[in-house]
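Visitor: Sharing a structure with you now.
2 protein chains.
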Amino acid sequence: MNTLFKALNDPTRRQILDMLKEKDMSAGEIADRFNISKPSISHHLDLLRQAGLVISVKEGQFINYSLNTTVLDEVLTWIVQLTQTNK
Amino acid sequence: MNTLFKALNDPTRRQILDMLKEKDMSAGEIADRFNISKPSISHHLDLLRQAGLVISVKEGQFINYSLNTTVLDEVLTWIVQLTQTNK
DNA sequence: TAGTTATTTAGACAAATATCTAAATATTAT
DNA sequence: ATAATATTTAGATATTTGTCTAAATAACTA
Chain B
1 MNTLFKALND
11 PTRRQILDML
21 KEKDMSAGEI
31 ADRFNISKPS
41 ISHHLDLLRQ
51 AGLVISVKEG
61 QFINYSLNTT
71 VLDEVLTWIV
81 QLTQTNK
Chain H
1 MNTLFKALND
11 PTRRQILDML
21 KEKDMSAGEI
31 ADRFNISKPS
41 ISHHLDLLRQ
51 AGLVISVKEG
61 QFINYSLNTT
71 VLDEVLTWIV
81 QLTQTNK
């Protein structure tokens with residue numbers, strides 16, 4: 001839960017998730033869309049991976065990233081539960 | 001969106017929201033349930049208030065806090081949109 | 001009015017975070 | 001084998017964040 005919210009708490013990372021929603025992309029392809037160095041993007045991708053929000057698969061010299069939204073269920077459930085009135 | 005995720009990215013603040021779901025509480029009442037100084041809790045409450053997640057009403061010498069979940073719609077919508085497959 | 005209670009503001013500090021450049025690793029191509 | 005390409009790892013640095021104590025503000029109470 002913590003790792004998840006941590007991963008979501010950055011505009012660049014949220015934008016990466018939005019991009020991966022459209023199509024799978026390699027690390028370099030993702031990095032090219034930002035004015036941020038490749039190592040920094042690599043670090044963001046690592047955090048997203050740690051949170052389970054993306055899955056990385058090595059294909060030759062590329063590493064392809066894809067979105068994994070199943071882990072968001074936990075967040076969704078928490079928010080919905082909070083929204084349901086108890087008073 | 002940023003302020004919102006920022007506010008949610010802390011276990012203490014999320015716990016405060018969970019507590020406020022049960023009933024409205026004063027700042028001191030909230031602080032009493034944590035092993036954290038009152039000024040620190042006051043700061044957490046301020047961040048939650050800035051994000052619109054809580055509403056504070058002064059009543060005499062007390063300040064009562066209540067949950068406001070309407071602002072979570074934005075987050076909810078974003079997550080759901082991300083979850084809906086596009087590929 | 002003086003003291004007590006509730007809460008915040010101010011200022012300091014350590015830890016976490018986002019970023020960078022340089023170097024390392026791994027794969028493909030010549 | 002060498003060079004080029006894709007990505008990560010390492011290490012440094014500035015900023016942000018969570019926490020603290022001390023002081024300020026505001027509202028009750030005797």
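Protein chains in written order, with UniProt numbering: chain B, 1 to 87; chain H, 1 to 87. The beta carbon of each residue, even a glycine, is placed where N, CA and C say it ideally should be.
Once DSSP output is grouped into helix, strand and coil, what is the label at K23(B)?
Guide: coil
Visitor: Give the residues of chain H in contact with V45(B), contact being defined as C-beta atoms less than 9 Å apart.
Guide: Residue identity check: residue 45(B) is Leu in the sequence provided, not Val. The contacting residues do not exist; L45(B) stays about 16 Å from chain H at best.
Visitor: Against chain B, with Cβ distances strictly below 8 Å, would I79(H) count as a contact?
Guide: yes
Visitor: Starting from K58(H), follow its DSSP beta bridges and name the residues at the other end.
Guide: According to DSSP, residue pairing for K58(H) in a beta bridge involves I63(H).
Visitor: Between F34(H) and chain B, is the shortest Cβ-Cβ distance under 8 Å, so that the two count as touching?
Guide: With 8 Å as the cut-off, F34(H) does not count as an interface residue toward chain B.
Visitor: From residue 88(H) to G60(B), what does the alpha carbon distance come to, in whole angstroms?
Guide: This structure cannot settle anything about residue 88(H), because the visible part of chain H is limited to 1 through 87.
Visitor: So for G52(H), helix, strand or coil by DSSP?
Guide: In the displayed model, G52(H) falls within coil according to three-state DSSP, outside both helix and strand.
Visitor: Output the boundary residues of the alpha helix (DSSP H) element that contains D73(H).
Guide: From DSSP, the alpha helix (DSSP H) with D73(H) extends over L72 to T83.
Visitor: Can you tell which of K58(H), N2(H), K21(H) and A51(H) has its C-alpha closest to the C-alpha of M28(H)?
Guide: The amino acid at residue 28(H) is misidentified as Met; the sequence shows Gly. Closest option to G28(H), Cα to Cα, is K58(H).
Visitor: Check whether the Cβ of N9(B) sits closer than 7 Å to any heavy atom of the ligand HEM, and report yes or no.
Guide: This structure lacks the ligand HEM, and indeed carries no ligand of any kind.
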